[in-house]
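To start, the structure itself, in structure tokens.
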């Protein structure tokens with residue numbers, strides 16, 4: 001092999017090897033913001049920030065265990081407080097009601113948060129202007145899907161071991177008895193008790209038997225196996241073979 005061919009072969013080998021190195025490796029020698037794919041990272045002192053806060057131009061940002069900047073989502077931090085981040089990645093600091101577009105693995109949702117001083121999001125029950133709302137805690141069912149700290153705006157949610165009914169605007173249902181609640185294209189019927197608590201299980205009303213599911217909605221136009229027996233329910237929710 002001639003010297004010229006050896007040099008050409010060596011150069012091609014080096015180029016091929018460089019193509020195998022992730023772009024972020026080259027970025028590691030830099031300081032500041034680096035975008036790789038759809039995600040933003042930040043390097044400080046030649047190291048990628050991970051599980052860390054960053055104050056940049058008077059705004060706060062957070063980077064996860066993989067170094068990806070948080071955006072369109074909330075964070076349950078080590079201090080057991082919840083923060084939420086805008087599309088830009090900047091932490092929300094505006095106090096009061098704030099709407100943030102949150103992205104989960106399945107869809108993008110407009111979620112409402114109630115932010116306190118220091119950007120801390122309200123969690124749990126909160127009475128605002130005389131009405132009760134519930135904001136998802138880290139341990140609640142649905143928190144990962146809807147966003148920790150976001151307001152419950154679905155017809156019912158489990159708080160502790162109890163199902164509660166909520167209006168479309170997030171307020172706790174105060175009416176008792178039969179209540180219909182809409183969600184997307186669906187309408188659900190609940191039998192609500194005092195304090196917005198949903199009836200679950202069997203209930204006899206006017207001599208007829210009804211069954212309310214785990215989250216509180218009435219079964220209707222379906223067949224369900226309950227405690228080993230097959231029950232049929234008509235379109236009005238009445239059990240045909242109690």
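Numbering (the working numbering), first residue to last: 1 to 242.
We put the beta carbon where it would ideally sit given N, CA and C, even for glycine.
Since we're looking at a predicted model, the values are computed, not measured.
### residue 56 classed as buried or exposed, judged by whether at least 16 other C-beta atoms fall within 10 angstroms
For the purposes of this step, residue 56 is identified with residue 56 of the chain shown, where counting begins at 1. Burial call: exposed.
### Query
Thinking C-alpha only, which one of 211, 203 and 217 is nearest residue 158?
As a working mapping, residue 158 is identified with position 158 in the chain shown. With respect to the C-alpha of residue 158, the residue from 211, 203 and 217 having the closest C-alpha is 217.
### Query
Cα separation between residue 26 and residue 79?
Here the question's residue 26 lines up with position 26 in the chain shown. Here the question's residue 79 lines up with position 79 in the chain shown. Only weak support is given to the placement of residue 26: the predicted model assigns it a pLDDT of 41, under 50, and the value that follows is read from those uncertain coordinates. Near 34 angstroms, if we compare the C-alpha coordinates of residue 79 and residue 26.
### Query
Between residue 61 and residue 32, is the Cβ-Cβ spacing less than 7 angstroms?
As a first step, residue 61 is located in the chain shown; it is residue number 61 there, counting from the start. As a first step, residue 32 is located in the chain shown; it is residue number 32 there, counting from the start. At least 7 angstroms separates the beta-carbon of residue 61 from that of residue 32.
### Message
Between the segment 191 to 199 and the segment 220 to 230, can you find at least three pairs of beta-carbon atoms closer than 8 angstroms?
### Response
Contact fails: fewer than three Cβ-Cβ distances are below 8 angstroms.
### Query
Buried or exposed: residue 148, going by 16 or more other Cβ atoms within 10 Å of its Cβ?
As a first step, residue 148 must be located in the chain shown, where it is residue number 148. By the neighbour-count rule (16 or more Cβ atoms within 10 Å), residue 148 is buried.
### Query
Where in the segment 81 to 108 do unbroken runs of the beta strand (DSSP E), each at least 3 residues long, occur, reported from the N-terminal end onward?
Under the rule that a run must span 3 or more residues, the beta strand (DSSP E) segments found entirely inside the segment 81 to 108 read 82 to 85 and 96 to 103.
### Query
Between residue 160 and residue 152, what straight-line distance do the alpha-carbon atoms span, to the nearest angstrom?
If you number the chain shown from 1, residue 160 lands on position 160. If you number the chain shown from 1, residue 152 lands on position 152. Between residue 160 and residue 152, the C-alpha separation is close to 14 angstroms.
### Three-way DSSP call (helix, strand, coil) for residue 47 in this model
Taking the first residue of the chain shown as position 1, residue 47 is located at position 47. Secondary structure of residue 47 (DSSP, three-state): strand.
### Query
Does the count of Cβ pairs from the segment 170 to 184 and the segment 123 to 137 closer than 8 angstroms reach three?
Yes, the segment 170 to 184 touches the segment 123 to 137.
### Query
Can you tell me whether DSSP reads residue 136 as helix, strand or coil?
For the purposes of this step, residue 136 is identified with residue 136 of the chain shown, where counting begins at 1. Three-state result, residue 136: coil.
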